[in-house]
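Just below is one structure, and these are the notes that go with it.
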Amino acid sequence: RAAGRFALPPTAEEHVGALTDALSRVRGELVRLSELGERLALRLLDGGRLLAVGNGGSAAQAQHLTAELVGRYHCERRPLSAICLHGDTSALTAIANDYGAAQAFARQVVAHGRPGDVLVALSTSGCSENVLAAARAARETGLETWALTGPAPNPLVDLCQEAVAFDCASTATVQEVHMVALHVLCAAVDREVSLRGGARALEEVLS
4 RAAGRFALPP TAEEHVGALT DALSRVRGEL VRLSELGERL ALRLLDGGRL LAVGNGGSAA
64 QAQHLTAELV GRYHCERRPL SAICLHGDTS ALTAIANDYG AAQAFARQVV AHGRPGDVLV
124 ALSTSGCSEN VLAAARAARE TGLETWALTG PAPNPLVDLC QEAVAFDCAS TATVQEVHMV
184 ALHVLCAAVD REVSLRGGAR ALEEVLS
């Protein structure tokens with residue numbers, strides 16, 4: 004097979020085989036991901052907020068995460084405060100135009116984040132400059148910084164207080180296991196909210 008970006012994509016069998024191997028690594032992180040979800044639930048129930056950042060496919064996953072928190076993942080409960088920082092395209096493009104693309108997330112972190120909030124940063128490489136800048140801004144603002152990345156070591160893992168890194172050969176496989184990891188996190192959030200009496204019927208939430 005040709006090397007680099009001109010290489011043939013994996014066959015379906017190879018793709019699924021790589022994903023199956025990678026899921027065993029997710030299993031090894033289940034306890035930690037569940038603990039992070041429980042901590043996040045307590046933070047959000049106490050009035051905190053989650054901010055999420057990523058680029059490309061990781062941006063889509065960041066938005067998926069915030070949708071599960073503001074809406075719901077599994078059971079009816081009170082909505083939880085979560086903002087995906089690429090969602091406001093006017094702010095994103097204005098900041099990138101005026102301050103440079105590397106600051107597109109960082110300036111929003113300073114605007115929306117408060118001490119004790121949580122930044123979740125997703126990056127398959129752990130090297131995206133705008134995500135790294137967001138993590139630095141979050142730490143300076145007093146937020147907790149959590150990362151999901153591909154193979155470590157990488158700069159984002161080094162910057163964040165909590166990091167779960169998956170050693171997968173392809174970007175696609177990293178993104179697929181990140182989605183599973185995010186759902187494990189969301190399940191733990193919903194479970195903890197339910198145990199603490201925050202789950203309600205939908206009509207009660209909206210009344």
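For the sequence shown, the numbering used here assigns the number 4 to the initial residue and increments by one for each residue that follows.
The beta-carbon is built from N, C-alpha and C at its ideal position, and this holds for glycine as well.
- Message: Tell me which residue opens and which closes the beta strand (DSSP E) that E165 is part of.
- Response: Looking up residue 165 in the sequence shown gives position 162. Segment 165-168, the beta strand (DSSP E) holding E165.
- Starting from A155 and walking both ways along the beta strand (DSSP E), at which residues does that stretch end? On the sequence shown, residue 155 is found 152 positions in, with the first residue counted as 1. Segment: none, A155 is in no beta strand (DSSP E) and carries neither H nor E.
- Contained alpha helix (DSSP H) runs [length at least 4] in the region 15-80, N- to C-terminal order: 15-30, 33-48, 60-73
- Message: In this structure, how does DSSP classify T176 when only helix, strand and coil are distinguished?
- Response: For the purposes of this step, residue 176 is taken as the residue at position 173 of the sequence shown. In the structure shown, T176 sits in a helix (DSSP, three-state: H, G or I).
- Task: Under 8 Å by Cβ, that's how I've got G145 and V177 pegged, so tell me the actual separation to the nearest angstrom.
- Result: Here the question's residue 145 lines up with position 142 in the sequence shown. Here the question's residue 177 lines up with position 174 in the sequence shown. In fact, because the Cβ distance is near 29 Å, the residues do not count as touching under 8 Å.
- Message: Check whether the region 93-112 and the region 77-84 are in contact - that is, three or more C-beta pairs closer than 8 Å.
- Response: no
- Task: Would you identify the three-state DSSP class for A140, choosing helix, strand or coil?
- Result: Reading the sequence shown from its first residue, position 137 is the one you call residue 140. In the structure shown, A140 sits in a helix (DSSP, three-state: H, G or I).
- Can you tell me whether N100 is buried or exposed, with buried defined as 16 or more other CB within 10 angstroms of its CB? Sequence index remark: in the sequence shown, residue 100 carries index 97 (1-based). Classification for N100: exposed.
- Item | Burial state of G57 (16 or more Cβ within 10 Å) | Counting from one through the sequence shown, the residue named residue 57 turns up at place 54. It counts as buried.
- Should P12 be labelled buried (16 or more other beta-carbon atoms within 10 Å of its own) or exposed? Taking the sequence shown and counting its residues from 1, one reaches residue 12 at position 9. Classification of P12: exposed, given that the 10 Å Cβ count is below 16.
- Where does L188 sit, in a helix, a strand or coil, going by DSSP? Locating residue 188 in the sequence shown gives position 185, where the first residue counts as 1. L188: helix per DSSP, three-state reduction.
- 6 Å CB neighbourhood of V192 in its chain, flanking five on each side removed: As a position in the sequence shown, residue 192 is number 189, starting the count at 1. The residues are G40, L43, A44.
- A63 versus E132 - alpha carbon distance: As a first step, residue 63 is located in the sequence shown; it is residue number 60 there, counting from the start. As a first step, residue 132 is located in the sequence shown; it is residue number 129 there, counting from the start. Going from the Cα of A63 to the Cα of E132 covers about 18 Å.
- Query: Would the beta-carbon of R28 fall within 8 Å of that of D170?
  - Reply: Along the sequence shown, read from residue 1 onward, the residue named residue 28 stands at position 25. Along the sequence shown, read from residue 1 onward, the residue named residue 170 stands at position 167. Closer than 8 Å, so yes.
- Message: If the criterion is Cβ atoms closer than 8 Å, does the pair C163 and T174 meet it?
- Response: Start at 1 with the first residue of the sequence shown, and residue 163 comes out as number 160. Start at 1 with the first residue of the sequence shown, and residue 174 comes out as number 171. No; because the gap between Cβ atoms is not below 8 Å, this pair is not in contact.
- Going by C-alpha distance, which of A172, R194, L36, L47 is nearest G119? On the sequence shown, position 116 is the one that residue 119 refers to. The residue with the shortest Cα to Cα distance from G119 is L47.
- Query: At which residues does the alpha helix (DSSP H) containing L146 begin and terminate?
  - Reply: Here the question's residue 146 lines up with position 143 in the sequence shown. Taken as a continuous stretch (DSSP letters only), L146 belongs to no alpha helix (DSSP H), as it is neither H nor E.
- Helix, strand or coil: which one does DSSP assign to S93? Within the sequence shown, numbered from 1, the residue matching residue 93 stands at position 90. Helix.
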